[in-house]
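J.: At position 303 of the sequence shown (counting the first as 1) the number is 308 in this note's numbering, and the numbers step up by one without a gap.
Ideal Cβ positions, reconstructed from N, Cα and C, are used throughout, including at glycine.
Quantities reported herein were computed from a predicted structural model and do not represent experimental measurements.
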Amino acid sequence: MARTSRLAECATAVNKTNLGRRLLMLTCMKPRLLRLQKSTNDSAWGMGVGLAKCTVKGMVEREYSGGKPVHRVTMKEILSTHFFHSFDFCKDDIERRPSENLGQVLFGERIETSPYKENNAIKWASRWDYILVSMPHTNIQWFSIMNSLVIVLFLSGMVAMIMLRTLHKDIARYNQVDQEDAQEESGWKQVHGDVFRPPRKGMLLSVFLGQGTQIFIMTFITLFLACLGFLSPANRGALMTCSVVLWVLLGTPAGYVSARLYKTFGGEKWKTNVLLTALLCPGIVFADFFLMNLILWVEGSSAAIPFGTLVAILALWFGISVPLTFIGAYFGFKKPAIEQPVRTNQIPRQIPEQSFFTKPIPGIVMGGILPFGCIFIQLFFILNSIWSHQMYYMFGFLFLVFIILLITCSEATILLCYFHLCAEDYHWWWRSFLTSGFTAAYLFVYAFHYFFSKLQIVGAASTILYFGYTSIMVLIFFLFTGTIGFFACFWFVNKIYSVVKVD
């Protein structure tokens, strides 16, 4: 095959490895080095070839393969005399025939090819569709969605029962002022004079909520763009670049939310509030990231971020994000404090003795279980894409899980908040944030389990890198889920106390 115009052929590996049904257009160019890469997971090996903004990843996994791999592939570079230019998929009924000049590639094993003619009916925007449908992980993704929907339906039923039955009866009873028993308040109405008492460490809570709002909007826009196909999984770094740019440009909502809530809490140190909102959480993430990058520099890794790129990130942070945060905080402090539906008593009410399940720590620990149950299957694929050289391409499923997580965090936090208010415990501000935010603790435990059960990372540097980047992910997820739970509870508490008559 001396010219590009020769008949394109489809290369499929022999030895029954299920690497077949991959169609590769071959062009005779100068010899290229084809890198076969061993996955960190011992149960799988595969190869990836970059081509035309679309990456072919052939993966042989024991649970999906009917045969045995040709050889245990290690990190080797194998000389291939042809360059893989574009691809499609072969039909099972196409007769295979030997290749003319592919050479010995896989440890001396011959390569078989199938005749192929380019299908021009496939549009460029739809080039991934066949891969996504044919992947075995698709069924698992649907199972994950169904599992999450069951949890959502369960929580929705519980919330509906509380809102339509319990709360409706309570409000009707509390508003009957002509009956004698209406004067005997009990349950959640009894703490109406303390439920909006400003929380302790309101400065820190408002800073967390400002940053959480910034992360929430950034995540939503990024996933939405990925679902529309603007962020191709083959375009390495596109997803991260989009996230960083959006985070930089969304400093205004962070400053506004933080300042408005801090003013509602009665805070007066507005300069400290703005500085912490702009610097605290991003500073922690950048310090962790710089430490990880320093380790890569010491190890001489090509994955290390150049010093100039780090300076550019700092310039974006201090030159764009911080000023935008100050602008948002300015408008937030100019607005009046959020008006509460009931007045707050001057003397705090004593909280009665609580049962085990209404104490703060058990409630917080239980609150993160159901939200984590909605995401743990999706989390497995995300960790595989980060650490096991697999490609993550199902952004539609991820967006659905995002919506389900949003609903689950909100409903679980509202349920626990209602139970605590019925037990006359009015300290709901921090508890609502920590209840849904504790999902991040389960994420860290799962990442810890994944490290020891799925990966075979050796060396102190690699271990530090894994847990360092995991810590960044856990912090971001903590702020993200905590913010969802807080605003869900804030809406719920304002709603129920605005419809009762209080003397």
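What are the complete alpha helix (DSSP H) segments, minimum 4 residues, inside the segment 344-420?
T.: 365-372 and 374-392
J.: In terms of residues, what are the limits of the alpha helix (DSSP H) holding Asn240?
T.: The count along the sequence shown starts at 1 and reaches residue 240 at position 235. It is not in any alpha helix (DSSP H) - Asn240 carries neither H nor E in the DSSP assignment.
J.: Going by the beta-carbon positions, is the gap between Ser153 and Gly378 smaller than 9 angstroms?
T.: Taking the first residue of the sequence shown as position 1, residue 153 is located at position 148. Taking the first residue of the sequence shown as position 1, residue 378 is located at position 373. It is a contact, given that the beta carbons lie within the stated cut-off.
J.: On the criterion of 16 or more Cβ atoms from any shown chain inside 10 Å, does Phe213 qualify as buried, or is it exposed?
T.: By one-based count along the sequence shown, residue 213 stands at place 208. Its Cβ being crowded by 16 or more others within 10 Å, Phe213 is buried.
J.: What would DSSP say about Phe274, mapped onto helix, strand or coil?
T.: Residue mapping note: residue 274 aligns to position 269 of the sequence shown, counting from 1. The residue you asked about is not Phe; residue 274 is Lys in the sequence shown. In the structure shown, the three-state DSSP call for Lys274 is coil.
J.: Tell me whether the segment 212-229 and the segment 246-264 touch, counting them as touching only if at least three CB pairs, one residue from each stretch, are closer than 8 angstroms.
T.: Contact between the segment 212-229 and the segment 246-264 is present, with at least three C-beta pairs closer than 8 angstroms.
J.: Of the choices Tyr398, Phe483, Pro376 and Ile382, whose alpha-carbon is the least far from that of Leu233?
T.: Locating residue 233 in the sequence shown gives position 228, where the first residue counts as 1. Closest by alpha carbon: Tyr398.
J.: Starting from Ala452, follow the alpha helix (DSSP H) in both directions and report where the run begins and ends.
T.: By one-based count along the sequence shown, residue 452 stands at place 447. Residues Thr444 to Ser458.
J.: Please state the DSSP three-state secondary structure of Ser306.
T.: Counting from 1 along the sequence shown, the entry for residue 306 is found at position 301. If DSSP states are grouped into helix, strand and coil, Ser306 belongs with coil.
J.: Does the Cβ of Val504 have 16 or more other Cβ atoms within 10 Å, making it buried, or fewer, making it exposed?
T.: For the purposes of this step, residue 504 is taken as the residue at position 499 of the sequence shown. Burial call: exposed.
J.: Helix, strand or coil: which one does DSSP assign to His425?
T.: Counting from 1 along the sequence shown, the entry for residue 425 is found at position 420. DSSP places His425 in helix when its eight states are reduced to three.
J.: So, with DSSP's three-state summary, where would you put Pro287?
T.: Sequence index remark: in the sequence shown, residue 287 carries index 282 (1-based). Three-state DSSP puts Pro287 in a helix.
J.: Please list the terminal residues of the continuous alpha helix (DSSP H) segment that includes Gly167.
T.: As a working note, residue 167 is residue 162 in the sequence shown. Before going on, a small fix: residue 167 reads as Ile here, not Gly. Counting along the chain, Ile167 falls outside any alpha helix (DSSP H), and DSSP gives it neither H nor E.
J.: Buried or exposed, going by whether 16 or more other CB atoms sit within 10 Å of the CB of Phe201?
T.: Start at 1 with the first residue of the sequence shown, and residue 201 comes out as number 196. With 16 or more Cβ atoms within 10 Å of its Cβ, Phe201 is classed as buried.
J.: Buried or exposed: where does Trp435 fall if 16 or more other Cβ atoms within 10 Å of its Cβ makes it buried?
T.: As a working note, residue 435 is residue 430 in the sequence shown. It counts as buried.
J.: On the CB-based measure, 16 or more other CB atoms within 10 Å of its CB, does Ser306 come out buried or exposed?
T.: For this step, residue 306 is matched to residue 301 along the sequence shown. Exposed.
J.: What did DSSP end up calling Ile222 once you bin it into helix, strand or coil?
T.: As a working mapping, residue 222 is identified with position 217 in the sequence shown. Note: Ile222 maps to helix in three-state DSSP.
J.: Can you grab the Cα-Cα spacing for the pair Phe424 / Lys364, in whole Å?
T.: Your numbering for residue 424 matches position 419 in the sequence shown. Your numbering for residue 364 matches position 359 in the sequence shown. The alpha-carbon atoms of Phe424 and Lys364 are separated by roughly 11 angstroms.
J.: Does the segment 462-478 come close enough to the segment 407-424 that 3 or more CB-CB pairs lie under 8 angstroms?
T.: no
J.: Below 8 angstroms on the Cβ atoms is my contact criterion, and I expect Phe443 with Val370 to pass it. Report the Cβ-Cβ distance as a whole number of Å.
T.: Translated into the one-based positions of the sequence shown, residue 443 becomes position 438. Translated into the one-based positions of the sequence shown, residue 370 becomes position 365. Correct: roughly 6 angstroms between the Cβ atoms.
J.: Quick test of the definition: if touching needs 3 or more C-beta pairs under 8 angstroms, does the segment 446-454 touch the segment 381-393?
T.: Between the segment 446-454 and the segment 381-393, the count of C-beta pairs closer than 8 angstroms reaches three or more; the two stretches touch.
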